[in-house]
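Residue numbers (full-length UniProt numbering): 1 to 267.
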Amino acid sequence: MNVPQVLLSTTSVFPEASTSAFELSASLGYDGVELMVGVDSLSVDIDAIAKLADYHGVPVRSVHAPTLLVTQGTWGNDSWEKLRRSGEAVRQLGGDVVVVHPPFRWQRDYGKTFVDGIATLNADFDDVKFCVENMYPWRTPAGNIQAYLPGWDPTDFAYEHLTLDLSHASTSQRQSMDFVHAWGPRLAHVHLTDGKGSLKDEHLLPGEGDQSAWDVLAEICSRGFEGHIVLEVSTRRARSRAEREDLLGESLENIRRTMSAAVPEKG
């Protein structure tokens, strides 16, 4: 059985640039990084990212496709081309996962074919998993807005591989452990973070919110999970590089401690 690799998302160092994620991943001992395409100018240049990964000895294991609101214009406006390009990028970088958000409700044509299209991508890229991520209703004082097609909760759709984001679960006022149990072997990738049920997607450090993050991590490891564990958190509170490094280092120690206690012994 393969032990899950622990990755650092390039978003976890914001407002620092993607280069800092590679530097901190190397110095702290992460197994690699997840590249969020479109967060800065470097992140869209895959050749430059490959050189950066090689320089620091830190592989890119997963790529988050540019499907956020703030990355709608990254790599053009053709959503399927963005996903294919993300698959080619992660292949070039030696990784094996593309994280995908479901379409926004105004992307009607894309949304109509999304489930079948993801299945086609997983068949075409047999060495890459396209993992659809759980999102959340947009909550407003006037009520919830269903912002995603065919829906923010991927549970009942025929996606082969899924990404669990604990902060998104909190924003949707659901429990991540319920998703773990409902998804079973379809759970292929984890964004380890947390939230307190706010209207906003908080991305707190694991253990700071209402998602029982350490219990969730222990549960998936005890089940023999072999995907990637990605620390995708906000460290904007950090007043210095040293303080940010402490936050990310302590989180890594807690992750490895939890995994070590939970992973079934061989034999």
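Think of the CB as a built atom: it goes at the ideal place given N, C-alpha and C, for glycine as much as any other residue.
Check: Element boundaries [beta strand (DSSP E), containing Lys129]; Outcome: 129 to 133
Check: Inter-residue spacing [alpha-carbon to alpha-carbon] between residue 305 and Asn77; Outcome: The question about residue 305 has no answer, for the chain in this structure spans 1 to 267.
Check: Under the three-state DSSP convention, the category Phe225 falls into; Outcome: coil
Check: Those runs of the beta strand (DSSP E) which lie wholly inside the segment 147 to 211 and span at least 3 residues; Outcome: 162 to 165, 187 to 192
Check: Nearest candidate by alpha-carbon position, reference Thr19, set Arg237, Asp31, Ala48; Outcome: Ala48
Check: Backbone CA spacing between Leu217 and Arg186 [nearest angstrom]; Outcome: 16 Å
Check: Assumed close pair Val100, Glu133 - CB separation to whole angstroms, cut-off 8 Å; Outcome: 7 Å
Check: Alpha helix (DSSP H) runs contained entirely in the segment 22 to 74, provided each spans 4 or more residues; Outcome: 46 to 56
Check: Nonlocal neighbours in the same chain, by C-beta distance under 7 Å from Thr11, ignoring five residues either side; Outcome: Met36, Val39, Glu232
Check: Under the three-state DSSP convention, the category Trp214 falls into; Outcome: helix
Check: Spatially closest choice to Val70 from Phe104, Leu52, Glu81, Ala53, by CA coordinates; Outcome: Phe104
Check: Supposed contact pair Gly95 and Pro59 - C-beta distance, whole angstroms, cut 8 Å; Outcome: 7 Å
Check: Unbroken alpha helix (DSSP H) run spanning Gln107, endpoints; Outcome: Looking at the DSSP string, Gln107 is not in any alpha helix (DSSP H), and its letter there is neither H nor E.
Check: Cα-Cα separation between Gly111 and Ala242, rounded to whole angstroms; Outcome: 43 Å
Check: Of the listed residues Glu16, Gly184, Ser234, nearest to Lys200 (C-alpha basis); Outcome: Ser234
Check: Which of helix, strand or coil DSSP assigns to Arg256; Outcome: helix
Check: Helix, strand or coil at Arg139 according to DSSP, with G and I counted as helix; Outcome: strand
Check: Own chain partners of Thr193 with C-beta closer than 6 Å, once the 5 adjacent residues on each side are dropped; Outcome: Leu166, Ser167, His203, Glu232, Val233
Check: Where Gly267 sits in the DSSP three-state scheme; Outcome: Residue placement at Gly267 cannot be trusted, given a pLDDT of 46 that sits under 50; what the coordinates show is reported in the next sentence. Here Gly267 sits in coil by DSSP.
Check: DSSP state of Asn2 mapped onto helix, strand, coil; Outcome: coil
Check: Sequence-distant residues of its chain with Cβ nearer than 7 Å to Gln173 (five each side left out); Outcome: Gly197
Check: Rounded separation between Pro150 and Trp80 - CA only; Outcome: 16 Å
Check: Cys131 beta carbon less than 8 Å from that of His191; Outcome: no
Check: Asn144 - partner residues in DSSP beta bridges; Outcome: Arg139
Check: Unbroken beta strand (DSSP E) run spanning Val233, endpoints; Outcome: Note, Val233: premise wrong, no beta strand (DSSP E); not H, not E.
Check: Cutoff 8 Å; reference Arg85; Cβ partners in own chain excluding five residues on either side; Outcome: Trp75
Check: Beta-carbon proximity list for Gly267, same chain, < 6 Å, skipping 5 on both sides; Outcome: Residue placement at Gly267 is flagged as unreliable, the pLDDT there being 46, under the threshold of 50; the coordinate-derived value follows with that caveat. Closer than 6 Å at Cβ, skipping near neighbours: no residue.
Check: Distance, Ala53 Cα to Ala119 Cα; Outcome: 30 Å
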